[in-house]
Amino acid sequence: MTPPADDASSPRSVHFRTEIGSLPHRDRSGGPGSRAGHSVAEAPAECWDALVVGGGIAGLTAAWELTRAGLRPLLVEARGYTGGLVAAGTIAGVRMDLGAEGFAVRGGAVTGMAGALGLDVVGPQGGGARLLLPPRPGEPAQSPPASSAGVPARGWRLHRFVRDAVLGIPAHPLADDVVAVIGGAAAERAARDARLGEAGTRPGDPEDLASFVRTRMGDGVLDRLVGPIVAGIHSADPAALAADTVVPGLREATARLGSLQAAVGEVLERRRARGRGRADMTIAGGLSRLTDALRAAVESAGGGVLTRTGAQWLRPAGSASGGPDDGAPPAAPDGAPGWDVAIAPTGRGPTPSDEPVPVGPARIVRTPRVVLACSAPAALRLLDGAGSAGSAGSAGSAGSVGSAGAGHVDTDLPIPVGAPIARFTLVAHAPDLAGAPVGSGLLVAGTTGTTGTTGTADATGTTGTADATPCCPVRAKALSHLSVKWPWIGAELAALHGPDTHALRLSYGRPGGPRPEVDLERALADARALTGARISPSDVVDSALVRWDGTLPPATPEHRERVHRLLAQVRDLPGLTLTGAWVAGTGIAAVVEHARRQAIVVTGADTGSLPVASASIHQEE
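Residue 449 in this note's numbering is what sits at position 449 of the sequence shown, and the numbering runs on without skipping anything.
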């Protein structure tokens, strides 16, 4: 997928600009998923073994798993490309990932799928990542030495990631690298975790990640290790994330082993025992090769893939147009077709960040199996027409939502909105970047702990507040040295543009902050502050700005509970299932594992042979 060009007249300017992500709108009177104003083509219903709605990584995974069961699925995607957050574009003549670029090595769902597709799994290069942190409380805020990367604010320094840690949580709180980041007093506090018993894991204890880490290891670990890493990876505040979603099984293992550090150590030992010392991996050539391979495999197995085609409504098969109440409950997956789904061509919404809208007459697909792998707003709109088809036996069950009655699906579900995210990639001739001065990249802490937004330092390098806390020297929250981190990018750039050609990606947008405004001038200033490399506009070969507004909603404990109740209701609807990041939780590993399982479930088969990624930390690789 190559985004459209805004200004192709100058290779030194932003070469293309696109906004791929979507904001979750819940308009049930019109727009995507609405029946209003769009006729249904008078033709016999198309029959497919299964219909998958949504062509992101979840939908492609589900469709692929259905083909492995010997079924012929149809996948429809309302946007113009498949892959969702796994998207690629061409920058300076080289194909690069524009969204997600790797996955956590947890379980075997992703690696097993990659192997079955003939893809190689590789880890990042470059000597590891760094954290850019302000001085610790009470630490003198002195200017960096001249030999440093040139951070223009007093006391801000680069630190290597703690070696033995999971999401920044250390297995050895008193280790030298931990003390160097959080200080001796904070390390001593973190070590007391070994004497806290079941604190933070008992029924009624807060379930968010921030509360759990603070209770077990204190503010030093939370603010200087976990907070910056979570903000960089999940674009969320740890206080807004359910610990059991972000790090599945960690609270349970802490209760069982008696300490959080022991639980982290157990995870690391299992990784090493399986020969997987790295926490993150990708597909050789880029993560988008995985989604490309999934689509190709689905189509080669007889499945269909339609882009610019969206599902408009869903109802029991044979229902009258007046609504789903007129029809009988759908048949079991191994019986007659149970669902009618109207699909229609789609066009762009009012802005690139809006959901696509129907632009033509719909036609009917009849199928015994439907996998909703689309966005939360689209899935909930479709469920509006399906909820009356469940079994009467579900009345009053513990899994019901709100006042939902027999077989009803309560779709009045508030969905968290993710932070506005902007990613600026630039390719430039930059000899100063030789030797990877910041390793594979770095994450930048906020100025006010885990929730604060960042600003630019004043002339003194401070915020100007009474406590004179050094302000963040850059607006970027992260930087990746792509041509070092992924060697194939560096090799291709060198072949096309000569030696000393490098690719950097700067990420912007923090939880609770405004929509970031980024241009080439800002990106170059931040790159110089973070790396020390002097890059002038004339050195730039190509650049690109990509926005993913609202596409990474935080998996709050409340949202997690609501989704569990919704899934309990959907299970009463034969041949229908839900998947996707808003259901499965954050990260490619969790999404792929959930999508594979739901595809197997909708066939009526047993999921026992599928490697588990998220159910328990014991299966983490």
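Glycine included, C-beta positions come from ideal geometry on N, C-alpha and C.
Given this structure, state the Cα-to-Cα distance separating residue i from residue j, to the nearest angstrom.
| i | j | result |
| --- | --- | --- |
| Ala544 | Leu294 | 27 Å |
| Val162 | Ile182 | 11 Å |
| His481 | Ala503 | 6 Å |
| Thr501 | Asp120 | 26 Å |
| Phe212 | Ala186 | 16 Å |
| Ser507 | Ile421 | 7 Å |
| Gly580 | Ala378 | 12 Å |
| Ala494 | Ala428 | 11 Å |
| Leu644 | Gly112 | Residue 644 lies beyond the residue range present for the chain, which begins at 1 and ends at 621; the question has no answer from this structure. |
| Val592 | Asp539 | 40 Å |
| Thr531 | Ala434 | 11 Å |
| Cys471 | Glu558 | 33 Å |
| Ala430 | Arg160 | 23 Å |
| Glu266 | Arg256 | 11 Å |
| Trp48 | Ala342 | 13 Å |
| Met1 | Gly93 | Model confidence at Met1 stands at a pLDDT of 35, short of 50, so the residue's coordinates are unreliable and nothing is read from them. |
| Ala491 | Gly360 | 45 Å |
| Pro173 | Ala262 | 11 Å |
| Leu222 | Gly249 | 19 Å |
| Ala87 | Leu98 | 5 Å |
| Glu521 | Arg565 | 48 Å |
| Ala605 | Gly184 | 54 Å |
| Trp486 | Pro124 | 6 Å |
| Ile57 | Arg95 | 19 Å |
| Gly399 | Leu552 | At Gly399 the pLDDT is 31, less than 50, meaning the model places this residue with poor confidence; the figure from the coordinates comes in the next sentence. Distance between the alpha carbons of Gly399 and Leu552 is about 26 Å. |
| Ala78 | Val438 | 40 Å |
| Thr82 | Gly138 | 51 Å |
| Glu355 | His594 | 24 Å |
I'd like to confirm the pairing. Which residues does DSSP put opposite residue i in its beta bridges?
| i | result |
| --- | --- |
| Phe161 | In the DSSP output, where bridge partners are listed per residue, Phe161 has none listed. |
| Asp208 | Ala242 |
| Asp340 | Arg315 and Arg366 |
| Pro358 | Thr346 |
| His429 | Thr501 |
| Gly622 | This structure does not reach residue 622, given that the chain is present from 1 up to 621, and the question cannot be answered. |
| Ile283 | Val121 |
On a CA-only basis, which of the options is nearest residue i? Give me that one, please.
| i | options | result |
| --- | --- | --- |
| Leu75 | Ala430, Gly227 and Gly54 | Gly54 |
| Glu46 | Ala373, Trp339, Pro173 and Ile229 | Trp339 |
| Ala373 | Ala43, Leu60 and Pro44 | Leu60 |
| Gly445 | Val52, Asp97, Pro124 and Arg157 | In the sequence on display, residue 445 carries Ala and not Gly. Ala445 has its Cα closest to that of Arg157, out of Val52, Asp97, Pro124 and Arg157. |
| Glu207 | Ile233, Pro238 and Asp177 | Pro238 |
| Val409 | Ala386, Ile415, Asp526 and Pro431 | Ala386 |
| Ala496 | Val518, Pro414 and Asp542 | The amino acid at residue 496 is misidentified as Ala; the sequence shows Leu. Per the Cα distances, Asp542. |
| Gly200 | Val357, Ala243 and Val179 | Ala243 |
| Arg271 | Ile91, Arg106, Ala263 and Ala419 | Arg106 |
| Ala253 | Gly232, Glu198, Asp280 and Ala527 | Glu198 |
| Ile588 | Thr82, Ala104, Leu66 and Ala50 | Ala104 |
| Arg381 | Pro350, Val518, Val247 and Pro414 | Pro414 |
| Gly84 | Asp176, Arg308 and Leu51 | Arg308 |
| Glu517 | Arg423, Leu209, Gly108 and Ala175 | Arg423 |
Is any non-hydrogen atom of the ligand PLP found closer than 6 Å to the C-beta of residue i, if you look at the structure I gave you?
| i | result |
| --- | --- |
| Gly80 | This structure lacks the ligand PLP; in fact it carries no ligand of any kind. |
Tell me, please, whether the CB atom of residue i is closer than 7 Å to any CB atom in chain C?
| i | result |
| --- | --- |
| Ser543 | The structure shown contains no chain C; it is built from a single protein chain. |
Run through the region 162-192 for me and flag every whole beta strand (DSSP E) of 3 or more residues, listed as ranges in chain order. Fully enclosed beta strand (DSSP E) runs of 3 or longer: not present.
Start-end ranges of the alpha helix (DSSP H) lying completely within the region 552-595, minimum 4 residues: Whole alpha helix (DSSP H) segments, 4+ residues: 557-570 and 581-584.
Can you confirm whether the region 568-578 touches the region 366-384 when touching is taken to mean that 3 or more C-beta pairs between the two stretches lie within less than 8 Å? Flag = yes, the region 366-384 and the region 568-578 touch.
Does the region 186-195 come within contact of the region 217-226, defined as at least 3 CB pairs closer than 8 Å? Three or more Cβ pairs closer than 8 Å define a contact, and the region 186-195 meets that threshold against the region 217-226.
Does the region 294-308 touch the region 65-80, meaning 3 or more C-beta pairs lie closer than 8 Å? Segments in contact, yes.
Per the contact definition of three or more C-beta pairs closer than 8 Å, is the region 472-488 in contact with the region 535-551? Contact fails: fewer than three Cβ-Cβ distances are below 8 Å.
The region 510-519 contacting the region 106-126, beta-carbon criterion three pairs below 8 Å: When Cβ pairs closer than 8 Å are counted between the two stretches, the region 510-519 is seen not to touch the region 106-126, the count staying below three.
Would you check if the region 164-172 and the region 225-235 touch, i.e. whether three or more CB-CB distances between them fall below 8 Å? Result yes; three or more Cβ-Cβ pairs closer than 8 Å.
Any chance you could list the beta strand (DSSP E) runs of at least 3 consecutive residues sitting entirely within the region 458-537, in chain order? Segments of the beta strand (DSSP E) lying fully in the region 458-537: 478-481 and 501-508.
Continuous alpha helix (DSSP H) assignments of at least 4 residues falling wholly in the region 60-141: Entirely contained in the region 60-141, the alpha helix (DSSP H) runs reaching 4 residues are, in chain order, 109-116.
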